[in-house]
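Residue numbering for the sequence shown follows the working numbering, beginning at 114 and increasing consecutively. Yeah, the Cβ is synthetic: ideal placement off N, Cα and C, and Gly gets one too. Structure record follows, encoded as structure tokens.
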Amino acid sequence: MAILKIARMGHPVLLARARPVDDPTAPEIRRLATDMAETLADAGGVGLAAPQVHESLRLILVSAPPERDEDGAAGVPVTVLVNPVLEPLGAEMVTGWEGCLSIPGLRGAVPRHRRVRFSGLDLDGAPIAGEAEGFHARVLQHEVDHLDGILYPMRMSDLGLLGFEEELMRRLRAGREGDER
Ligand code: NI
Numbered sequence: 114m115a116i117l118k119i120a121r122m123g124h125p126v127l128l129a130r131a132r133p134v135d136d137p138t139a140p141e142i143r144r145l146a147t148d149m150a151e152t153l154a155d156a157g158g159v160g161l162a163a164p165q166v167h168e169s170l171r172l173i174l175v176s177a178p179p180e181r182d183e184d185g186a187a188g189v190p191v192t193v194l195v196n197p198v199l200e201p202l203g204a205e206m207v208t209g210w211e212g213c214l215s216i217p218g219l220r221g222a223v224p225r226h227r228r229v230r231f232s233g234l235d236l237d238g239a240p241i242a243g244e245a246e247g248f249h250a251r252v253l254q255h256e257v258d259h260l261d262g263i264l265y266p267m268r269m270s271d272l273g274l275l276g277f278e279e280e281l282m283r284r285l286r287a288g289r290e291g292d293e294r
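Put into structure tokens, the structure is as follows:
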């Protein structure tokens with residue numbers, strides 16, 4: 114196990130299209146997934162894509178802690194998805210705040226599909242498929258975008274809603290106090 118170095122925005126690996134994993138059962142893929150899980154836990158994130166640790170491969174980790182889901186969903190533990198494919202379910206879009214371990218300190222409001230169907234393989238090479246909504250669907254879309262060289266600011270419709278987390282929190286707090294007056 115090892116904590117891996119996370120690539121930050123500006124590094125070309127984050128803009129490349131990652132290649133499919135040929136053999137999800139290969140020991141080096143299992144080691145990569147294990148190291149990524151440790152890296153994710155160390156960084157306190159909810160998802161991580163292999164290109165973020167300088168491996169241009171189609172492998173992601175996603176989770177959806179219940180406290181992060183405004184829909185009150187039950188929560189999804191950290192799950193590895195190899196060669197993931199997403200398909201939007203319906204046309205409904207939701208705008209929500211996102212951060213990224215490759216863009217530390219910043220947050221942005223990003224429109225995403227509310228519901229998606231996902232499929233892929235696990236580390237035994239067995240197919241995984243399901244439907245996701247809300248925060249889980251958001252994390253899946255964010256991580257699969259990393260495999261196609263897309264970072265969340267590239268999905269934003271209003272760059273006025275991109276900022277440093279500290280400033281945004283201050284603005285939110287001020288807004289809330291204003292409401293109480
Ligand atoms: Ni990210």
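Going by the CB atoms, is the gap between residue j and residue i shorter than 7 Å?
| i | j | result |
| --- | --- | --- |
| Val223 | Met269 | yes |
| Val189 | Ser176 | yes |
| Leu275 | Ser215 | no |
| Leu264 | Met122 | yes |
Which residues does DSSP list as the beta-bridge partners of residue i?
| i | result |
| --- | --- |
| Phe231 | Leu199 and Gly243 |
| Val312 | Lying before the first or after the last residue shown, residue 312 is absent from the chain, which here runs from 114 to 294. |
| His226 | Met206 |
| Phe277 | Leu219 |
| Ile263 | DSSP lists no partner for Ile263. |
| Val175 | Gly160 and Thr192 |
| Leu170 | Arg132 |
Cα-Cα, which of the options is closest to residue i?
| i | options | result |
| --- | --- | --- |
| Val231 | Gly288, Ile263 and Gln254 | The displayed chain sequence assigns Phe, not Val, to residue 231. Ranking the options by Cα distance to Phe231, first place goes to Gln254. |
| Gly221 | Arg228, Asn196, Asp237 and Arg251 | Arg251 |
| Thr152 | Pro266, Val191, Leu234 and Pro240 | Val191 |
| Ala187 | Leu274, Ile263 and Glu246 | Glu246 |
| Ala163 | Arg132, Pro179 and Asp155 | Arg132 |
| Ser169 | Gly238, Gly262 and Gly233 | Gly262 |
| Lys118 | Arg144, Pro125, Met149 and Asp135 | Met149 |
| Glu205 | Gly238, His226 and Arg130 | His226 |
| Ala115 | Arg144, Val134 and Asp135 | Arg144 |
| Met282 | Leu199, Leu161, His124 and Trp210 | Trp210 |
| Glu280 | Gly233, Asp258 and Gly218 | Gly218 |
| Asp235 | Cys213, Leu272, Ala129 and Val193 | Val193 |
| Glu200 | Arg130, Ala287, Asp258 and Thr147 | Asp258 |
| Pro125 | Ala287, Gly288 and Leu260 | Leu260 |
| Gly238 | Ala120, Gly160, Pro197 and Asp155 | Pro197 |
Give me the Cβ distance between residue i and residue j, rounded to the nearest whole Å; I'm assuming they're in contact under 8 Å.
| i | j | result |
| --- | --- | --- |
| Arg181 | Phe248 | 5 Å |
| Ile173 | Glu256 | 4 Å |
| Val195 | Pro140 | Not a contact, Cβ separation roughly 14 Å. |
| Val159 | Pro178 | 7 Å |
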